[in-house]
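To convert, note that position 346 of the sequence shown is 633 in this note's numbering; the numbers rise steadily by one, no gaps. Cβ coordinates follow ideal geometry from the N, Cα and C atoms, glycine included. Nothing here was measured: the structure is a model prediction, and the numbers come from that model. Heads up, the thing below is written out as structure tokens.
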Amino acid sequence: MMKQRLDQLKIELMLNLEENILPYWLRLEDPEGGYYGRVDWQENVHPDDERGCILNARILWTLSAAARLTGNQEYAQAATRQMCYFCGNFIDREYGGCFWSINADSTPRDTKKQFYAIAFAIYALSEYYALSGNQEALDEALALFRSIEEHSRDHNGQGYFEASTRDWQPITDMRLSDKDMNSEKTMNTLLHILEGYTNLLRVCRRDDVLEATATLLRLFNNEVIDRSNDHLGLFFDSDMKRVEHGISYGHDIEASWLMLEAAQVIGDEALLAETKEATHRLAVAALEGLQPDGSMIYELHGSGLLDTDRHWWVQAETVVGLIYLARFHGDVSAYAKAEKTWEYIKAHLADHVHGEWWWRRSGAQADLISGADIERFKDDKAGFWKCPYHNSRMCMEVVKIINENQD
């Protein structure tokens, strides 16, 4: 019975990937190069909007990973075009690293160096190298790795600093977005540096990449996870002391599987055992945000205010985290929970008319059954942060785990 249910889940996820998510993004490719910077909630394309490094790196990763999984040459060819566009326009050839954003005409717009974005470039270029064997992609990924190690890593302490000016000088405003604290170090940047390094390590087992990845993972096990409640700390000062007390349920469940994945790639048995114990605690704590309808609420602010909106990326990461909880931690009940979250996504977030997923649903109305009855927030369908990375990765990661489990 479980095999039949997992086979059905795999079929549905592949259909969503190849008939809902990827066709939507392929339609957004600009004939002049790259992808349009924004599509609003009414499906209006804004071709002149700025184009973000994060979005473009995530598109490159998605196309490359999808081509590797499916063998689809349309995805592979689109990935090659995107790799050329990304390296030709987002990489700073004067100082190194990546621009935060460029204009639609490919001229630099915001030239600050946000190490979160550079980490996603490493993640994407490593995936393209795994697809193609293109040495330029690996060379670019390694150059960006060196940039982070030289300019972001705290060699006198622990962790990585958030941001710098274009020429690697200190910067006053280090925030990723307006809603973030202006902290010198953050969980979010640390997590995605770990993610990028893990993917680089898969294709390039150099000693320096291995050391940096393992050191950062140990930091998560020992410092970033708050032992008092098993949730992630979110914002830290330069000495890695926590400076707020909020909870991000989505990041908790996402980190619970990204950390374990990193430990598996590193291959150190002692570190794997340590990480497995830590990520089990983290996943269980994350499920405090899981609702009876299968959805995961967004976050608990440090002020005590609960944000119950259901964001697309949080639901996607919840499915993967639950599958990891079942597959690698032995909690077989988590399979049914993952199925329930997927049912919520199908009913309330996947856009079955135009493609892709909606950004979020209102927490106040999230229990309604009919998607037509739920208010759609006027959030972008595609843009600086709205991308095909979380949802496509959910589909691909779960399919790979189901396949491995059945081999």
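Identity of the residues DSSP links to residue i by a beta bridge
i: Q551; result: Bridge partners of Q551: none, in fact.
i: Y322; result: E316
i: Q401; result: A450
i: G339; result: S388
i: M583; result: L577
i: W644; result: A637
i: S535; result: E586
i: I540; result: DSSP lists no partner for I540.
i: Y594; result: The amino acid at residue 594 is misidentified as Tyr; the sequence shows Asp. Answer is E586.
Where the alpha helix (DSSP H) containing residue i begins and where it ends
i: D397; result: No alpha helix (DSSP H) holds D397; the beta strand (DSSP E) holding it covers P395 to D397.
i: P310; result: L309 to L313
i: H567; result: E556 to A573
i: H677; result: Y676 to Q693
i: E604; result: W599 to H616
i: S434; result: Q422 to H438
i: L497; result: D494 to L506
i: P650; result: In the sequence on display, residue 650 carries Gly and not Pro. Unbroken run through G650: none, as it is neither H nor E.
i: T367; result: Q360 to N376
i: R489; result: M474 to V490
i: E299; result: M289 to L302
Distance, residue j Cα to residue i Cα
i: N303; j: C682; result: 8 Å
i: A634; j: K627; result: 11 Å
i: A354; j: L487; result: 18 Å
i: Y362; j: W348; result: 11 Å
i: Y382; j: V640; result: 44 Å
i: N692; j: A430; result: 36 Å
i: R453; j: Q295; result: 49 Å
i: L313; j: A365; result: 8 Å
i: K399; j: F377; result: 12 Å
i: N443; j: Y622; result: 43 Å
i: T566; j: Q291; result: 28 Å
i: E436; j: S543; result: 24 Å
i: E319; j: Q401; result: 26 Å
i: L519; j: A406; result: 20 Å
i: Y323; j: W672; result: 13 Å
i: D441; j: T502; result: 12 Å
i: K297; j: E498; result: 35 Å
i: S582; j: K624; result: 10 Å
i: W328; j: L315; result: 14 Å
i: D379; j: I341; result: 15 Å
i: D596; j: L574; result: 15 Å
i: S525; j: Q578; result: 36 Å
i: P395; j: G339; result: 10 Å
i: R433; j: D317; result: 31 Å
i: M370; j: S679; result: 18 Å
Cβ shell of residue i (< 7 Å), same chain only, five flanking positions each side left out
i: L703; result: Because the chain in this structure spans residues 288 to 694, residue 703 falls outside the shown range and cannot be described.
i: L636; result: W599, Q602, W644, W645 and R648
i: Y403; result: L463, N475, T476 and H479
i: R325; result: H333, D336, D667, A669 and G670
i: G576; result: Y536, M583 and I584
i: L609; result: A621, K624, A625 and T628
Spatial neighbours of residue i in its chain, beta-carbon cut-off 8 Å, leaving aside the 5 residues before and after
i: S620; result: A613
i: D594; result: I584, Y585, E586, L587, H588 and G650
i: D397; result: E337, F386, W387 and S388
i: P675; result: I308, L309, Y311, W312, R345, I346, T349 and E643
i: R368; result: E316 and G320
6 Å CB neighbourhood of residue i in its chain, flanking five on each side removed
i: W455; result: H438
i: A408; result: A344, C385 and L431
i: S657; result: Bear in mind that the predicted position of S657 carries a pLDDT of just 42, short of 50, making it unreliable; the figure below should be weighed with that in mind. Around S657: no qualifying Cβ.
i: M527; result: Q445, G446 and E510
i: Y311; result: G642 and E643
(message) Does the contact criterion of 3 or more C-beta pairs under 8 Å hold for the stretch 475-484 versus the stretch 417-426?
(response) no
(message) Measuring CB atoms only, is the stretch 642-649 touching the stretch 663-675, in the sense that at least three cross pairs come out at less than 8 Å?
(response) yes
(request) Assess, as a yes-or-no matter, whether the stretch 558-575 is touched by the stretch 487-500 under the definition of 3 or more beta carbon pairs within less than 8 Å. (result) no
(message) Whether or not the stretch 510-530 and the stretch 548-555 are in contact is what I'm after, with contact meaning three or more pairs of Cβ atoms, one per stretch, closer than 8 Å; do they touch?
(response) no
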